[in-house]
Amino acid sequence: MIIAAVVALYTEELLSAVIALGAVGFGSSGTFLLLRAPDLAITQVVVEVITLVLLIRATMVVGSIKTEGRQRYLPYFLALLAVLFLTTFVFFSFAEMPQFGTPVMERFEDAPSIYYLLRGLDLTGSANQVMSVLLDFRIYDTLGEATVIFTAVLGALTLLRMRGRKQLDGG
Amino acid sequence: MLPYILALVLLLVGVFGIFTRKNLIKIIISISIIESAVNLFLILVGYRSGGIAPIFTARMAEISEFADQAVDPLPQAMVLTSIVIGVSLTALLVVISLRLHHVYGTYDINKIFFARESDEE
């Protein structure tokens with residue numbers, strides 16, 4: 001996945017970059033499967049296909065243009081600065097992290113996750129606890145998610161219609 | 001600890017891309033990479049080594065035994081939400097950059113910037 005991410009950034013041709021992003025997405029889907037999250041793996045595949053279609057639509061406008069240009073050093077300097085900042089930040093926070101393989105919920109007696117796991121079947125009747133959390137215990141989050149999608153669709157439609165009207169006026 | 005570090009490297013690759021790339025599509029790709037890195041990290045936090053998926057099957061007799069074995073369902077549910085929000089974000093970004101391409105005829109942010117400056121003069 002990391003290799004694919006680096007390839008996505010450094011290939012010259014846009015279409016190859018988009019395909020490499022697809023490799024990143026499907027790789028993370030496979031990783032979700034290994035980490036015992038089947039719902040996420042399925043969603044990730046669907047979402048990745050949609051993303052690829054959108055990005056390929058965006059690259060189609062220009063055909064296969066090359067991304068070149070003068071090399072400037074200021075962006076690289078800023079990027080290195082940000083990377084160093086994040087790394088030191090993470091270095092200190094990793095000391096507080098639990099060892100990999102022991103979930104955070106085990107640290108607390110009354111963690112909500114344990115409550116969901118224990119009572120989810122009784123309270124919601126759903127065998128899949130991810131879905132019982134998503135659609136019953138935390139339904140307001142899902143409602144907010146639907147609002148976000150609705151807003152994104154509205155914004156996209158507005159922008160696309162502006163384009164259509166301008167073309168009508170011009171032609 | 002190694003999986004956390006790998007997720008961190010993926011995040012840093014995305015951050016580096018946002019700073020250094022000049023093409024709008026490349027920047028959108030970097031944002032998607034950061035998204036997958038963060039989602040991956042949250043799932044890694046909830047993982048239990050040798051755990052099972054948080055789906056209660058008929059083979060399990062006791063619910064307390066199930067709760068001792070299953071991985072954390074809460075990050076999974078939240079990441080599911082975040083993945084879907086991520087795709088709507090990507091869609092909106094793609095539409096905005098298509099519109100920019102329609103107006104300025106390029107995806108290069110430097111060229112767009114200079115075109116705007118010469119428009120204002």
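Protein chains in written order, with this note's numbering: chain A, 1 to 171; chain B, 1 to 121. Note that CB positions come from ideal geometry on N, CA and C, so glycine has one too. Computed from a predicted structure; not experimentally measured.
- Taking the Cα of V6/A as reference, the smallest distance to any Cα among I5/B, V9/B and M78/B is reached at V9/B.
- Contact annotation for V90/A against chain B: L8 [CB-CB distance below 7 Å, chain order].
- The Cβ neighbour count for N128/A, taken over all protein chains shown within 10 Å, is at least 16; the residue is labelled buried.
- One Cα belongs to I29/B, the other to A17/A, and the distance between them is close to 8 Å.
- In this chain, the alpha helix (DSSP H) harbouring L93/B covers P73 to Y104.
- Following the DSSP letters along the chain, one finds N128/A in no alpha helix (DSSP H), marked with neither H nor E.
- Among the residues of chain B, none has a CB under 8 Å from the CB of L143/A; the nearest is roughly 10 Å distant.
- The residue from R36/A, M60/A, G30/A and A37/A with its alpha-carbon nearest to that of E48/A is G30/A.
- Distances from the CA of I96/B to each of V71/B, I25/B and E62/B were compared; the closest alpha carbon is that of I25/B.
- Comparing alpha-carbon positions, the option among R21/B, V87/B, M1/B and F66/B lying closest to L55/A turns out to be V87/B.
- Within chain A, the residues placing a beta-carbon under 8 Å from that of L92/B are A152, G155 and A156, ordered along the chain.
- The beta carbon of F114/B sits no closer than 9 Å to any beta carbon of chain A.
- Within chain A, V47, I50 and T51 have C-beta atoms less than 7 Å from the C-beta of V87/B, given in sequence order.
- The Cβ of D39/A sits closer than 9 Å to at least one Cβ of chain B.
- The Cβ-Cβ distance between L40/B and F89/A does not fall below 9 Å.
- Membership of G14/B in the alpha helix (DSSP H) is indicated by the continuous run L2 to T20.
- For V53/A, the number of other beta carbons within 10 angstroms of its own is below 16, and it is reported as exposed.
- Nearest neighbour of L2/B by Cα position, chosen from D122/A, I139/A and F94/A, turns out to be F94/A.
- Counting C-beta atoms within 10 angstroms of its own C-beta, A37/B has 16 or more neighbours from the protein chains shown and is therefore classed as buried.
- Counting other Cβ atoms within 10 Å of its Cβ, I83/B reaches 16 or more and is therefore classed as buried.
- For G25/A, the chain B residues whose Cβ falls inside 7 Å of its Cβ are S36, in order along the chain.
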